[in-house]
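Each residue of the sequence shown is one higher than the last, beginning at 69 in my numbering. Just so it is clear, CB atoms sit at the ideal spot from N, CA and C, and this is done for glycine as well. As the structure is a prediction and not an experimental result, all values here were calculated from the model. Scroll down for the structure; my scribbles are underneath it.
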Amino acid sequence: MTSSPKPNKSALITGVTGQDGAYLARLLLEKGYEVHGVKRRSSSFNTGRIDDIYSDPHEGKTNFHLHYGDLTDSTNLIRLIQETQPDEIYNLGAQSHVQVSFETPEYTANSDALGVLRLLEGIRILKLEDKVRFYQASTSELYGLVQEVPQRETTPFYPRSPYAAAKLYGYWITVNYREAYGIHASNGILFNHESPLRGETFVTRKITRAVTAIKRNEQSCLYLGNLDAQRDWGHARDYVEGMWMILQQETPDDYVLGTGEMHSVREFTELAFKEVGITIEWRGEGVEEEGVDSESGRVLVRIDPRYFRPAEVEELLADPSKAHEKLGWQHKTKFRELVSEMVREDMNDPSFQVRGEES
Ligand code: NDP
Ligand code: GDR
Numbered sequence: 069m070t071s072s073p074k075p076n077k078s079a080l081i082t083g084v085t086g087q088d089g090a091y092l093a094r095l096l097l098e099k100g101y102e103v104h105g106v107k108r109r110s111s112s113f114n115t116g117r118i119d120d121i122y123s124d125p126h127e128g129k130t131n132f133h134l135h136y137g138d139l140t141d142s143t144n145l146i147r148l149i150q151e152t153q154p155d156e157i158y159n160l161g162a163q164s165h166v167q168v169s170f171e172t173p174e175y176t177a178n179s180d181a182l183g184v185l186r187l188l189e190g191i192r193i194l195k196l197e198d199k200v201r202f203y204q205a206s207t208s209e210l211y212g213l214v215q216e217v218p219q220r221e222t223t224p225f226y227p228r229s230p231y232a233a234a235k236l237y238g239y240w241i242t243v244n245y246r247e248a249y250g251i252h253a254s255n256g257i258l259f260n261h262e263s264p265l266r267g268e269t270f271v272t273r274k275i276t277r278a279v280t281a282i283k284r285n286e287q288s289c290l291y292l293g294n295l296d297a298q299r300d301w302g303h304a305r306d307y308v309e310g311m312w313m314i315l316q317q318e319t320p321d322d323y324v325l326g327t328g329e330m331h332s333v334r335e336f337t338e339l340a341f342k343e344v345g346i347t348i349e350w351r352g353e354g355v356e357e358e359g360v361d362s363e364s365g366r367v368l369v370r371i372d373p374r375y376f377r378p379a380e381v382e383e384l385l386a387d388p389s390k391a392h393e394k395l396g397w398q399h400k401t402k403f404r405e406l407v408s409e410m411v412r413e414d415m416n417d418p419s420f421q422v423r424g425e426e427s
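Shown next, in the form of structure tokens:
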């Protein structure tokens, strides 16, 4: 992005290098915002998702700025809020992988729970309670062991992982700072949302990448965990629009965003293979279950118990009525379109490479 008009509002986005950060930064720039993104120091480039909207400030004026930072570093966050003086803060940064949170529970709590507190305290320390609006990336994982189907804003929470437990703290500290200090702070309780920019170790992208590699004869088999897990999968592009809408409301509040449709991992897998002309038939049972190419008889999908979670979330289904009614938000992309777009983008990616370890 080169020379840009004078911005009307400014936003600070943590997690700008992630899937949602990339879509949100793009959306806010289109709306004429000055966007400040927080990226972590990494030994290799981690800005692949936002390179196309970033331009070297030496080359002319830009409305998109990147700053080094980390949700585990209070002084850094306070300085960034002070220097950028944002109208809106979107806290999207997190160790966001549920399975990985069982391996790194303490770090997950530090970034996903205390990170939220650090930002809210930053707003308070800098006396910006009346100026800044705050969005917290809450999650359907809060519902965990489901108490009610479908899940809405009033459904009781029952987190099932260190990730969800950390996000539970993030949710409540956001509500608490709203009630205690009058901060315009809101939670978006977002159900799974995917895209061609989805992290490669989440199940949808793991599947679409494997389908691509198998079709190109660069991989022989896809190994998955729980095929029967069901999720309400939407498109990230639609959901970042909802985040923005939440912060444009006069009064801060908490909203569920989802499609109201649920599909299994098995179904996603079948559809993704179908996109490249392969029909999967299932045979066997339990960990012996296999997905077989109905034409060639080749086994293309196997179960690896390594991908089973110590405590699983079996099904999540959103009731997004409140967001429909109060925000006027609706998801636009249908499940089949999402699967199709993700497979197509991986198939057409000229730099596609089979990578090592996944989760
Ligand atoms: P990603 O994993 O794609 O992105 C996470 C971002 O957070 C990355 O930019 C990552 O940086 C950054 N990050 C990780 N740890 C830290 C840290 N300690 N300090 C600062 N930044 C950090 O997630 P998504 O874009 O999919 O999700 C965005 C947010 O929404 C997350 O908070 C997630 O938990 C939540 N969420 C996501 C849903 C989904 O379905 N996608 C559903 C509901 C909630 P780096 O690139 O360097 O790793
Ligand atoms: P989730 O996403 O845990 O819902 O969290 P993920 O795609 O990792 O898992 C979805 C479901 O698929 C099952 N599964 C597998 N998952 C992975 N990653 N790898 C596998 O091989 C595999 N096989 C089956 C899982 O057990 C699970 O049931 C995502 C993240 O974006 C969170 O940050 C966000 O909060 C929630 O969505 C809403």
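| Skipping 5 residues on each side, what residues in its chain have a beta carbon closer than 8 Å to that of R334? | Answer for R334: L295, D296 and W350, listed in chain order.
| query | First and last residue of the beta strand (DSSP E) that includes V103? | reply | Residues Y101 to K107.
| said: Quick check on D322: buried or exposed, where buried means 16 or more other Cβ atoms within 10 Å of its Cβ? | reply: With 16 or more other Cβ atoms within 10 Å, it is buried.
| task | Could you tell me the distance, in whole angstroms, from the CA atom of T115 to the CA atom of N416? | result | T115 and N416: Cα-Cα distance of roughly 21 Å.
| query | On the three-state DSSP scale, how would you describe L258? | reply | Strand.
| request: Assuming E358 and V367 form a contact by the criterion Cβ under 8 Å, report the distance between their Cβ atoms to the nearest whole angstrom. | output: About 5 Å separates the two Cβ atoms, so the contact holds.
| query | What three-state label does DSSP hand T312 in the structure shown? | reply | The sequence given here has Trp at residue 312, not Thr. Reduced to three states, the DSSP call for W312 is helix.
| query | Got a sec: does the ligand GDR put a non-hydrogen atom nearer than 8 Å to the Cβ of Q204? | reply | For Q204, the Cβ stays outside the 8 Å cut-off from all heavy atoms of the ligand GDR.
| Taking Cβ positions, are Q204 and V217 nearer each other than 9 Å? | In this structure, V217 does not lie closer than 9 Å to Q204 by Cβ.
| message | By the three-class DSSP mapping on this structure, what secondary structure does G302 have? | response | If DSSP states are grouped into helix, strand and coil, G302 belongs with the strands.
| said: Any heavy atom of the ligand NDP closer than 8 Å to the beta-carbon of N114? | reply: N114 Cβ: within cutoff of the ligand NDP.
| query | At which residues does the alpha helix (DSSP H) containing G89 begin and terminate? | reply | Q87 to E98 is the span of the alpha helix (DSSP H), which, as asked, contains G89.
| request: Take the Cβ of R423 as the centre, count every other Cβ of all protein chains shown within 10 Å, and call the residue buried at 16 or more, exposed below. | output: It counts as exposed.
| message | Can you check which of these residues, E329, I193 and A391, is closest to S254 by C-alpha distance? | response | It is A391 whose Cα lies nearest to the Cα of S254.
| request: Check each candidate in R374, L213 and K402 and name the one with the smallest Cα separation from A304. | output: Looking at R374, L213 and K402, the one whose alpha-carbon comes closest to that of A304 is K402.
| The beta strand (DSSP E) spanning D361 covers which residue range? | Segment E358 to D361, the beta strand (DSSP E) holding D361.
| query | From this set, F270, L406 and A181, which residue's C-alpha is nearest L339's C-alpha? | reply | Cα-wise, what sits closest to L339 is L406.
| said: I'd like the ranges of any alpha helix (DSSP H) spanning at least 4 consecutive residues and lying wholly in the segment 326-404. | reply: Taken in chain order, the complete alpha helix (DSSP H) segments of 4 or more residues contained in the segment 326-404 are 333-343.
| Exposed unless 16 or more other CB atoms sit within 10 angstroms - verdict on K195 | It is exposed - the Cβ of K195 has fewer than 16 other Cβ atoms within 10 Å.
| Could you give the residue range of the beta strand (DSSP E) that holds S206? | Taken as a continuous stretch (DSSP letters only), the beta strand (DSSP E) holding S206 covers R201 to T207.
| field | Member of P388, R412 and D372 whose CA lies at the smallest distance from the CA of G345 | value | With distances taken between Cα atoms, G345 lies closest to R412.
| query | Which of helix, strand or coil does DSSP assign to L406? | reply | Note: L406 maps to helix in three-state DSSP.
| field | Any 3 or more C-beta pairs closer than 8 Å across the segment 164-177 and the segment 224-233 | value | The segment 224-233 and the segment 164-177 touch, with three or more beta-carbon pairs separated by less than 8 Å.
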